[in-house]
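Comments concern the structure below.
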Amino acid sequence: MSDASFVLFLMCSVSALAGALGTVASRRPLRGAVSLLVMIIALAGLYLTLAAELLAAIQLLVYAGAVVVLFVFVIMLIGPAAETPPNPRGIMVRILSFVGMGMFTATVSFSLVDVSAQWVRRPDGFGTVEGVGSSLYTQALVPFEIISITLTVAIVGAVAVARSKTARELAEARERAAAMKAEAEAAKAAKAAKAA
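And the structure:
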């Protein structure tokens, strides 16, 4: 890894951590969504520094392009939530959690870093569409098929539940409309009988 790519790796790492902290610590939902977007873009940059171009493209298209936009739409549709005043105990819990997270990160990074270790040479086709496709359909064929079947069953189940719920709600609405119509006709007949 050259010095320039190492500096880019560090910049993307710091940006990803800052975006993740902003997502968790932000009190406003829209700022949290923007912080999540920063974290996703920085993670795509990390994938690029590791020569995984396909993962970087998927990260940007799926997460930044779809999931964050969906979050922002939901936030805009729901509207701004009333902010609660900060709790003094909550601030202390945040400080202690950040200190604990920093200690954990320092411990893990110092235990994993071996300066004398050589970088492992990545195999040809690593991170490309061809490499990912060939590994999906050779080495990971059975898990890939199990995941696809599970997702298909989940989608069919969600459609079936939504359809049965819609049919049940429609039947209940028809029953309520018929009951209201019968009550209106009974009230009309009672008025007519009273007038006569």
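Following my numbering, the numbering of the sequence shown begins with 291 at its first residue and continues without gaps. The beta carbon of each residue, even a glycine, is placed where N, CA and C say it ideally should be.
Proximal residues to L298 (C-beta, below 6 Å), its chain only, five neighbours per side dropped: As a first step, residue 298 is located in the sequence shown; it is residue number 8 there, counting from the start. If we look at L298 and ignore the five residues flanking it on each side, its Cβ neighbours are T339.
Other residues of its chain near A315: CB distance less than 8 Å, five sequence neighbours each side excluded: The residue given as residue 315 occupies position 25 in the sequence shown. Here the set comprises R384.
What is the DSSP secondary structure of Q349, reduced to helix, strand or coil? Working through the sequence shown from its first residue, we reach residue 349 at position 59. Helix at Q349.
Beta-carbon proximity of A306 to L336, cut-off 8 Å: Translated into positions along the sequence shown, residue 306 becomes position 16. Translated into positions along the sequence shown, residue 336 becomes position 46. Going by C-beta atoms, A306 is nearer than 8 Å to L336.
In chain order, what residues of the same chain lie with their CB nearer than 7 Å to the CB of A332, ignoring the 5 residues before and after it? As a first step, residue 332 must be located in the sequence shown, where it is residue number 42. So the qualifying residues of the chain are C302, S305, A306 and G309.
Taking the alpha-carbon positions, what's the F388 to V359 distance? Taking the first residue of the sequence shown as position 1, residue 388 is located at position 98. Taking the first residue of the sequence shown as position 1, residue 359 is located at position 69. Distance between the alpha carbons of F388 and V359: 29 Å.
Is the separation between the beta-carbon of T428 and that of L344 shorter than 8 Å? Position 138 of the sequence shown, counting from 1, holds the residue named residue 428. Position 54 of the sequence shown, counting from 1, holds the residue named residue 344. Cβ atoms of T428 and L344: not closer than 8 Å.
Cβ distance (whole Å) where V362 is taken to contact A323 below 8 Å: For the purposes of this step, residue 362 is identified with residue 72 of the sequence shown, where counting begins at 1. For the purposes of this step, residue 323 is identified with residue 33 of the sequence shown, where counting begins at 1. About 5 Å separates the Cβ atoms of V362 and A323, confirming a contact at the 8 Å cut-off.
Start-to-end residues for the alpha helix (DSSP H) that takes in L320: The residue given as residue 320 occupies position 30 in the sequence shown. Note, L320: alpha helix (DSSP H), P319 to T339.
Taking the CB atoms as reference points, tell me whether S295 and T313 lie closer together than 8 Å. To locate residue 295, count along the sequence shown from 1; it is residue 5. To locate residue 313, count along the sequence shown from 1; it is residue 23. No, they are not a contact pair.
Whole angstroms are fine: how far does the CA of M470 sit from the CA of A479? By one-based count along the sequence shown, residue 479 stands at place 189. By one-based count along the sequence shown, residue 470 stands at place 180. So the two alpha carbons sit approximately 14 Å from each other.
Pick helix, strand or coil for S316, following the three-state DSSP scheme. Start at 1 with the first residue of the sequence shown, and residue 316 comes out as number 26. Coil, per DSSP.
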